[in-house]
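Going down the list, the sequences are from chains A and B. Position in the first sequence (from 1) plus 12 gives the number in my numbering. Position in the second sequence (from 1) plus 1 gives the number in my numbering. Quick reminder that beta carbons are idealized off the backbone N, C-alpha and C, glycines included. The structure presented is a predicted model; accordingly, all values stated were derived computationally and were not measured.
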Amino acid sequence: MELVRESQSVWGQTELVGASWEPLWVFVAAGFALVLIHALYAVLAGAKRARHSDRT
Amino acid sequence: MAAAMLALLATGFLPIVGVRFGWVTIHWIAGMVLTVALLFHIPRAMFWLDLRSMAVGLRDLRDGWRIFRRTVGRGGAGPGKPGKYSLAQKLYHHAATAVVLALLVTGLLMMAKIDTPFWQRDPYWLSSYTWGIVYVVHGYAAMATITLLIAHVYFALRPEKLWYTRSMILGWVSRADYHAYHDPARWAPAQSESPRRADRGTVENRTT
């Protein structure tokens, strides 16, 4: 996966153009991973609280 | 501010995923709107609101550690109620601040490449290498904004956080929510003076 975009100048030098958009899916996946992890945590924490209140 | 951010994200990323349209003008105008909004927000937050409410303190770190211990099943004392903002909210705000400031600074530098009524474009103002760095920082900060946006929308829609979402739209929280979720010793906002709101028992975002 490329991290940056480069091009060749008219003098044959490699020039930095900007960020590569290939990592975009990584950032999107990180967002949804955070959502999934928290959603699971909320479900498990809620179930634990429900079990605890049933016992008391 | 939110509308400007959404316009910037849409005009910035839709062309990348293949939706072709004249995005540059809308993009830089939305960037200017966001800049003006921030020039209003930062002094207001520093001088009219309580800037310290966004500072991460030892009690926040203690509460965060206690939440972590309970999450991993270690038990122990429960976290206290936060002041105006929880540790998670403060950390999110600081992350968003870093990302958005990086976007704004690099975006404003890029304005040198735009013809406006106030100046003519000068793409040679910076070296090509420096422009490359500017575009790399702008691109990665923009992609980081996507992650922050996904998290932001998720937490805004969570059922137990809907009262937060309502407060962002209407500007108040009910007295019941205030006492349930905040520590009055750490955040004591002004009580509502509106007779109508006083009937509902609301707490507004005003410093006394």
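Between K82 (chain B) and D184 (chain B), the gap from beta carbon to beta carbon is short of 8 Å.
The alpha-carbon separation between L104 (chain B) and D116 (chain B) amounts to approximately 20 Å. Closest in alpha carbon position to R61 (chain A), among B:R71, B:M2 and B:A143, is B:R71.
Distances from the CA of R60 (chain B) to each of B:G79, B:Y165 and B:L52 were compared; the closest alpha carbon is that of B:G79. Between G23 (chain B) and E27 (chain A) a beta carbon distance of about 26 Å is seen, past the 8 Å cut, so the two are scored as non-contacting. Under the 8 Å criterion on CB atoms, I68 (chain B) is classed as non-interfacial with respect to chain A. The DSSP-derived three-state label of A78 (chain B) is coil. If you draw a straight line from the Cα of W173 (chain B) to the Cα of A57 (chain A), it comes to about 28 Å. Residue-level contact check: E34 (chain A) does not touch chain B, since none of the beta carbons of chain B fall below 8 Å from its beta carbon. Contact of L52 (chain A) with chain B is not assigned, every C-beta pair being separated by 8 Å or more.
A straight-line Cα-Cα distance of about 22 Å links Y86 (chain B) and G43 (chain A).
Each of B:V154, B:G65 and B:Y141 was checked against the Cα of V38 (chain A), and the nearest Cα belongs to B:Y141. Below the 9 Å Cβ cutoff, chain B contributes no neighbours of E14 (chain A), its closest Cβ being approximately 12 Å away.
Looking at the DSSP output, Q20 (chain A) sits in a beta bridge with A:T26. Within 7 Å of the CB of A42 (chain A), the CB atoms of chain B belong to T148, in sequence order along the chain.
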